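Encoded as structure tokens, the structure appears first; notes follow it.
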Amino acid sequence: LAKTTQPISMDSYEGQEVNITCSHNNIATNDYITWYQQFPSQGPRFIIQGYKTKVTNEVASLFIPADRKSSTLSLPRVSLSDTAVYYCLVGLMNTGFQKLVFGTGTRLLVSP
Amino acid sequence: ETGVTQSPTHLIKTRGQQVTLRCSSQSGHNTVSWYQQALGQGPQFIFQYYREEENGRGNFPPRFSGLQFPNYSSELNVNALELDDSALYLCASSPSSERLYEQYFGPGTRLTVT
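Those sequence lines, one after another, are chains C and S.
In my numbering, each residue carries its 1-based index in the first sequence increased by 126.
In my numbering, each residue carries its 1-based index in the second sequence increased by 922.
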């Protein structure tokens, strides 16, 4: 079962790029890597998903090295509204019995 | 398009009681997952249902059980409640077996066990 580790917290300023890394040393061959954003008193919100290399969408990029033992969520030009907790999730194979493991979460604080 | 909804919003139960939480998945989504999130911690995977069959399970005891109905709505049942069961219970739905990673979460049910 994959175990994931993230930095507990990060601080940034508006307009900066933020990179949050998740370590998942025993990721399985079929596991996907997904990142979520969570605001207080709300459910997590899907940001981006990847399997390997680099994925980019309108809000973020996800970098996954060849060994897939870590992944990095990149948020370009953060704003105050990006202050939230960010989680990586490993698992969600497209076949078979699912075992899903959320990371420990990274609390991002964006200041003016 | 209606998002994932959960009921009730809040619930207070006594230790030893049983509770049923409900989830309506997003329209067209056939997969539902349940998570437990204790205060200040990340969500912990309880189980997942795909087309009414259990399709995955985390490290939770058998007193945590679930159901998925033909309309893909779902229930989480917890028997013999313990104080440590106090948490936010989240339901998430996914569009298909090919897009399981794309989970859409409901607002959660806050359960307090006294």
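All C-beta atoms in this analysis are idealised placements derived from N, C-alpha and C, irrespective of residue type, glycine included.
Every value quoted in this text rests on a predicted model; they were computed, and no experiment measured them.
- Between T927 of chain S and S1016 of chain S, the C-beta spacing is not below 8 Å.
- At a cut-off of 4 residues, not a single continuous stretch assigned as alpha helix (DSSP H) sits fully inside the stretch 158–220 of chain C.
- For V144 of chain C, the enclosing beta strand (DSSP E) has its first and last residue at 144–149.
- Among the CB atoms of chain S, one or more fall inside 8 Å of the CB of K225 of chain C.
- Closest option to A154 of chain C, judged by alpha-carbon separation, among C:V216, C:V204, C:D137: C:V216.
- For R1021 of chain S, the secondary structure class from DSSP, reduced to helix, strand or coil, is helix.
- In its chain, beyond the 5 residues on either side, S135, V211 have a beta carbon closer than 6 Å to the beta carbon of R233 of chain C.
- Out of S:R985, S:L961, S:P992, S:N981, the CA that lies nearest to the CA of E974 of chain S is found in S:P992.
- Counting C-beta atoms within 10 angstroms of its own C-beta, N156 of chain C has fewer than 16 neighbours from the protein chains shown and is therefore classed as exposed.
- Against E1024 of chain S, the close residues of chain C are F172, Q175, in the order they occur along the chain (beta-carbon pairs closer than 7 Å).
- Chain-order list of chain C residues neighbouring G950 of chain S: empty, with the shortest C-beta distance near 16 Å, by a criterion of under 7 Å.
- Put simply, of C:S237, C:T179, C:D137 the residue whose alpha carbon is nearest the alpha carbon of K195 of chain C is C:T179.
- Here the alpha carbons of N981 of chain S and Q163 of chain C stand approximately 24 Å from one another.
- In this structure, the beta-carbon distance from E143 of chain C to L201 of chain C falls below 8 Å.
- When only Cα atoms are considered, S149 of chain C and G964 of chain S end up about 15 Å apart.
- Collapsing the DSSP output to three states places L1005 of chain S in a helix.
- With a contact defined as Cβ atoms closer than 8 Å, L1005 of chain S and G1030 of chain S miss out at about 19 Å.
- In the three-state reduction of the DSSP assignment, L226 of chain C falls in the coil class.
- L1012 of chain S sits in a strand when the DSSP states are folded into three classes.
- Taken through DSSP and simplified to helix, strand or coil, G938 of chain S comes out as coil.
- Taking 8 Å as the cut-off between beta carbons, the residues of the stretch 961–973 of chain S near chain C are Q963, G964, P965, Q966, F967, Q970, in sequence order.
- Looking at the backbone, the Cα of G1028 of chain S and that of G925 of chain S are separated by about 7 Å.
- Residues of the same chain with a CB within less than 6 Å of the CB of R203 of chain C, apart from the 5 flanking positions on each side, are G141 in chain order.
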